[in-house]
Amino acid sequence: REVPGGAALMDQRYPPLQPDLDRLITLPAGSLGHTYAALIRQLNYDPEFFRARPIDTEAQWLTQRIATTHDIHHVVSGFGTVPEGETGVLAITACQIGFPAYVLLTGVAQLASFRFQTERFAAVSGAVAHGMAIGRQAHCLVAVPWEEGWELPVAEWRQRLNLLEPANGLPYGLM
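Throughout, my numbering is defined as the position within the sequence shown, counted from one, plus 121.
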């Protein structure tokens with residue numbers, strides 16, 4: 122509720138994201154919709170995985186919104202789907218809204234890599250720091266009505282959101 126746009130989306134129970142990948146893939150290359158659909162298909166993700174669930178309470182709505190827009194956050198932030206990239210994306214949401222599960226998962230990822238996979242610790246910590254920096258600088262990604270701008274270029278979304286340093290091209294970023 123406290124982030125710009127959050128209360129309006131929550132009050133109207135903005136519908137859960139149910140993207141039509143066949144339509145989105147036909148949008149221009151570089152657009153949010155095309156890039157998102159291409160990523161979902163490349164990874165062989167099931168677009169129906171996040172089926173609509175009850176959104177009667179604010180907590181239910183927020184949990185559903187976070188789950189269904191998570192992969193859009195990958196596209197816009199440039200974080201890849203390798204473990205470090207996943208941790209970076211979680212760090213954005215943890216920083217922006219303090220979502221308890223993501224706060225916990227980000228800390229656990231760092232602790233686990235420090236304790237059990239020391240060779241990954243620097244990359245995990247770098248991704249977390251990068252995600253936190255984006256989280257502090259950019260507009261809140263959970264409160265964005267992505268569905269109203271599938272046709273916009275990813276670069277334009279980044280500019281609008283003040284997301285100035287995406288992770289693309291970094292070891293934990295989308296290539």
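All residues carry an ideal CB built from backbone N, CA and C; glycine is no exception.
Does DSSP put Phe170 in a helix, a strand or coil?
-> coil
Three or more C-beta pairs closer than 8 Å, one from the region 147 to 156 and one from the region 269 to 289: is that the case here?
-> Counting C-beta pairs closer than 8 Å gives three or more between the region 147 to 156 and the region 269 to 289, which meets the contact rule.
Note the first and the last residue of the continuous alpha helix (DSSP H) segment covering Glu179.
-> Glu179 to Ser198
Under 7 Å Cβ to Cβ from Ser246, same chain only, skipping five residues before and after it: list those, please.
-> Gln231
Identified DSSP bridge partners for Ser152 = As computed with DSSP, Ser152 is found in a beta bridge with Pro274.
Validate contact between the region 255 to 263 and the region 281 to 292 using beta carbons, cut 8 Å, 3 pairs | The region 281 to 292 and the region 255 to 263 touch, with three or more beta-carbon pairs separated by less than 8 Å.
Using a Cβ-Cβ cut-off of 6 Å (strictly less than) and excluding sequence neighbours within five positions of Glu179, which residues of its own chain qualify?
-> Met131
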